[in-house]
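Visitor: Residue numbers (the working numbering), protein chains in the order written: chain F, 85 to 297; chain U, 46 to 523.
Using N, Cα and C, we set each Cβ at its ideal position, and we do this for glycine too.
Given the structure is predicted, the values throughout are model-derived calculations rather than measurements.
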Amino acid sequence: MNPVAAPADASLTTLFDARRLWRGRARPTQADGIPTGLAALDDALPQGGWPPTSLSEILLPMDGVGELQLVLPALATLASRDRPVMLVTPPYLPGVAGWSARGLDMRHVVIVQAASSIETLWAMEQSLRSAACSAVLGWPPQADDRALRRLQVAADTGQTPAFVFRDRRHVEHASPAALRIELETRPAPQLRVRKCRGAQPPAHPVPLPRRGA
Amino acid sequence: MLWACIVLPHLALDTLQRRRPPGEQPLVLIDGPLQARHVLDADAAAQATGVRAGQPLTTAQALLARFEALAHDPDLTAQQHDLLAAWAYRYSAEVLRLPDTGGRGAVALEVQRSHRLFGHWPDFEKKLRDDLTAMGFRHRLALAPTPLAARALAEASDGAAIDDPGRLRQRLARLPLRHAGLPGRSEETLAGMGVHQLGALLALPRAGLRRRFGAPLLDHLDDLLGDSTHPLPRYLPPDRFDLRIEFNFDVENIASLAFPLRRLTGDLADFLAGRDGGVQRFVLSLGHRGHAPTRVVVGLLQPERAPAALFELARGRLERVALAHPVVFLRLRATELPPFVPGGRDLFDQRPEHAIPLEQLQERLRARLGDSAVYRLQATVDPRPDQAQRIMPAKADHVAPTTRPRPTWLLPRPIPLRGHGLRILAGPERIESGWWDGGDLRRDYYVLETADGQHAWAFCPPGERPRDEGWMLHGWFA
């Protein structure tokens, strides 16, 4: 009997398609991810890019290590007049010239300044649920497991990709995010996929080319 | 013509009761001079203990240990009566507001011409009853060829219908006289004459009636039977909305205002639906004892009339208010009521069910986080980094992006960059400008890599190029 026979049961196929169940080394059934603009990273991710309806968590050692460079190519393809990209409580002012140089039309980027962590999470959740944005990026100062789970559910409900940027020290804690990427600067600029729903995270880091400087 | 009449036997009590959160003390409505207070109406909890309309207040006090006694406010009842007429205007262009005494009221509406829109009478009747129940008004309903006949019929038997004008006289003849709403004291006088049914009154000669009771009684009978040539005055909805809820206790925190606010915005939505309009701006006033009221302006980007959206936006604005004094009344005023154009949605829209348009999302965020919390940025032609971008006005023009390295994060103001092992990746780029407006600036900008691997955009005085100290950080190449 062939151990890797195609599943006859329709419900099993559903589970495979939803990536709730995966086979050891099998490639995903469909690559519906949003291309990251980094071929090496696309290859490492089961959906071939950012999960389009889930929460992605990006863990940083400090600001300015290439975290925006990682997401800007995808945002440049997503942002449009009808469905802008939402930035909720960014830690600095987005530099218009820098973002435009990466291909983003800043008319399609909406910035929301919330005063507290709770309001940041609330604004992110509202934006995700509304399905009126093409992507929602957030920098909550504090977010626990429950808050991230709410964002994950909201991203799923609104069918919108969500990105949350957090400090690297959270890497130890479990997270409901569908994808977790940790940025490293030593020995070289690189990123490690810590978790990706639907596959085993790749063992090797992906080099991150720094450009624009 | 066919008229539906809605009799509101407990209008004054329901008006007060629907503004109170449920589950409070029994409510008794009282009226009359201070020395001779009597019970005008009582809610179900009070009725259960034997309190009845017409009893002296002392009797109610003897029957009930704890209850809330509220004095009848005719102005408030009249205001609510107006709102119900505005609600009825949604169903018909011909609405009559029939006033009554003793905290009661009635609204009549012509329904025959609205049949095609709202269905035939049993369906139409159900719509009206569902609306009234949802608004919290007990009611009696009947259908007849004239508004006054419909009212008499509703008083006599709830749910009755006469749709044949030929049988009107015959059906009315059987009604007791007290339901006919006769003017003045004529009912008592007629009872003294042994006339107890409408049929007996209609059989009396008109000339004798005119001599004994005057013209008002005959006019009333003509209106009742539809023989009148003077139509009753029609109700016209006002072009502004103003409603207030008085509290008979001090409200200390904003959260307790949610319930009355929901009623106010719900009434506003009903009013708007009646005149097929929307609201773009309304003012909430929080009244204080001995201080000027706190005004909360709720502005919207486009006309809106959905009750849930109005409530949510108003609550978002209200939650940002810091209460300096206790609140004694809440008032909602809307003077600009533009036409409402419902937003269209594509039949094959693939978006999730509870999706809301971008405008509505931005409004919701602005309502809670403040007007200036949601914005977009735009590049300007100014070369100075501090002025190279600004918050985007409503109408934006496009500026070609520069080809020089520019950071993706910009610090609101430069700070000293501390660190060792800084490595210069690019630079210098001299920016020298602003002599014309006093914001003179001469800097050499460099792209630096810190020992931790961050890419920084930093500057120093022109021509200096320090090693580790003396850099000013202005942005990150994130």
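1) The stretch 298-314 of chain U: which residues have C-beta closer than 8 Å to a C-beta of chain F, in chain order?
2) In the DSSP output, what is G528(U) paired with across the bridge?
3) Can at least three beta-carbon pairs, one atom from the stretch 275-289 of chain F and one from the stretch 157-174 of chain U, be found at a separation below 8 Å?
4) Going by DSSP, name the residue or residues bridged to R289(U).
5) List in chain order: all unbroken beta strand (DSSP E) runs of 3+ residues lying wholly within the stretch 469-493 of chain U.
6) I'd like to know whether the C-beta atoms of D485(U) and C505(U) end up nearer to each other than 8 Å.
7) Would you say L414(U) lies against chain F (beta-carbon separation less than 8 Å)?
8) Find the nearest neighbour of P291(F) within the set M190(F), L154(F) and A239(F), judged by alpha-carbon distance.
9) Could you check which residue in D208(U), P192(U), I299(U) and A225(U) has the C-alpha nearest to that of L277(U)?
10) Which class does E357(U) belong to by DSSP, given the choice of helix, strand or coil?
11) Over what stretch of residues does the alpha helix (DSSP H) that includes Q124(U) continue unbroken?
12) If contact is defined by three or more beta carbon pairs under 8 Å, each pair taking one atom from either stretch, is the stretch 446-466 of chain U in contact with the stretch 491-507 of chain U?
13) Identify every residue that forms a DSSP beta bridge with G332(U).
14) Given this structure, state the Cα-to-Cα distance separating F470(U) from L455(U), to the nearest angstrom.
15) I believe R264(F) touches L144(F) by the beta-carbon criterion, under 8 Å. Please report the beta-carbon distance rounded to the nearest angstrom.
16) Quick check on D120(U) - is its C-beta less than 8 Å from some C-beta in chain F?
17) Per DSSP, Y420(U) is paired with what?
18) Using beta-carbon positions only, say whether V152(U) and L128(U) come within less than 8 Å of one another.
19) Is the distance from the Cβ of Q124(U) to the Cβ of L331(U) below 8 Å?
20) Hey, D86(U) and L74(U) are a contact pair by Cβ (cut 8 Å); roughly how many whole angstroms apart?
21) Just to make sure I have the definition right: I need the residues of chain U whose C-beta is within less than 7 Å of the C-beta of P286(F). Which are they?
22) Could you check how far apart the C-beta atoms of L313(U) and F286(U) are, in whole angstroms? I think they sit under 8 Å.
23) Do G242(F) and R213(F) come within 8 Å of each other at the CB atom, strictly closer than that value?
24) Is L222(U) closer than 8 Å to L235(U) when the C-beta atoms are compared?
25) Please state whether DSSP places S301(U) in a helix, a strand or coil.
26) Is the Cβ-Cβ distance between V193(F) and A163(F) less than 8 Å?
27) Along the stretch 250-283 of chain F, what residues have a CB closer than 7 Å to any CB found in chain U?
28) State whether the stretch 412-425 of chain U contacts the stretch 353-368 of chain U, with contact taken as three or more CB pairs (one from each stretch) at a distance under 8 Å.
29) How about R294(F) and H519(U): do their beta carbons lie closer than 8 Å?
Guide: So, from the data block:
1) If the cut-off is 8 Å between Cβ atoms, the stretch 298-314 of chain U has nothing near chain F.
2) Any question about residue 528(U) goes unanswered here, given that chain U covers just 46 to 523.
3) Too few Cβ pairs lie closer than 8 Å, so no.
4) Position 244 of the second sequence, counted from the start, is the residue given in the question as residue 289(U). Paired residues: R376(U).
5) none
6) By 1-based counting over the second sequence, the position of residue 485(U) is 440. By 1-based counting over the second sequence, the position of residue 505(U) is 460. Cβ distance not < 8 Å, so D485(U) and C505(U) don't count as in contact.
7) By one-based count along the second sequence, residue 414(U) stands at place 369. With 8 Å as the cut-off, L414(U) counts as an interface residue toward chain F.
8) In the first sequence, counting from the first residue as 1, residue 291(F) sits at position 207. The residue with the shortest Cα to Cα distance from P291(F) is L154(F).
9) By 1-based counting over the second sequence, the position of residue 277(U) is 232. For the set D208(U), P192(U), I299(U) and A225(U), the Cα lying nearest the Cα of L277(U) is the one of P192(U).
10) Counting from 1 along the second sequence, the entry for residue 357(U) is found at position 312. Looking at E357(U) - three-state DSSP - the assignment turns out to be helix.
11) For this step, residue 124(U) is matched to residue 79 along the second sequence. Per DSSP, Q124(U) belongs to the alpha helix (DSSP H) from P119 to A133.
12) yes
13) By one-based count along the second sequence, residue 332(U) stands at place 287. In DSSP, G332(U) forms a bridge with F374(U).
14) Position 425 of the second sequence, counted from the start, is the residue given in the question as residue 470(U). Position 410 of the second sequence, counted from the start, is the residue given in the question as residue 455(U). The identity of residue 470(U) in the sequence shown is Leu, whereas the question assumes Phe. Distance between the alpha carbons of L470(U) and L455(U): 18 Å.
15) By 1-based counting over the first sequence, the position of residue 264(F) is 180. By 1-based counting over the first sequence, the position of residue 144(F) is 60. Incorrect: roughly 12 Å between the Cβ atoms, too far for contact.
16) Mapped onto the second sequence, residue 120(U) falls at position 75. It does not: the Cβ of D120(U) has no partner Cβ on chain F nearer than 8 Å.
17) Working through the second sequence from its first residue, we reach residue 420(U) at position 375. Y420(U) pairs with I195(F).
18) Within the second sequence, numbered from 1, the residue matching residue 152(U) stands at position 107. Within the second sequence, numbered from 1, the residue matching residue 128(U) stands at position 83. Contact flag unset, no.
19) For the purposes of this step, residue 124(U) is identified with residue 79 of the second sequence, where counting begins at 1. For the purposes of this step, residue 331(U) is identified with residue 286 of the second sequence, where counting begins at 1. With contacts defined by Cβ atoms closer than 8 Å, Q124(U) and L331(U) do not form a contacting pair.
20) The residue you call residue 86(U) lines up with position 41 of the second sequence. The residue you call residue 74(U) lines up with position 29 of the second sequence. Right, their Cβ atoms sit about 4 Å apart.
21) Here residue 286(F) corresponds to residue number 202 of the first sequence, with the count starting at 1. Ordered by position in chain U, no residue passes the 7 Å Cβ test against P286(F), which lies about 22 Å from the chain.
22) By one-based count along the second sequence, residue 313(U) stands at place 268. By one-based count along the second sequence, residue 286(U) stands at place 241. Going by Cβ atoms, the distance from L313(U) to F286(U) rounds to 6 Å, so yes, they are a contact pair.
23) Numbered from 1 along the first sequence, position 129 holds the residue referred to as residue 213(F). Numbered from 1 along the first sequence, position 158 holds the residue referred to as residue 242(F). Contact flag set, yes.
24) One-based indexing of the second sequence puts residue 235(U) at position 190. One-based indexing of the second sequence puts residue 222(U) at position 177. Yes; because the gap between Cβ atoms is below 8 Å, this pair is in contact.
25) Start at 1 with the first residue of the second sequence, and residue 301(U) comes out as number 256. DSSP places S301(U) in helix when its eight states are reduced to three.
26) Residue 193(F) sits at position 109 when you count from the first residue of the first sequence. Residue 163(F) sits at position 79 when you count from the first residue of the first sequence. Closer than 8 Å, so yes.
27) T269, R270 and P273
28) yes
29) By one-based count along the first sequence, residue 294(F) stands at place 210. By one-based count along the second sequence, residue 519(U) stands at place 474. The answer is no: Cβ separation not under 8 Å.
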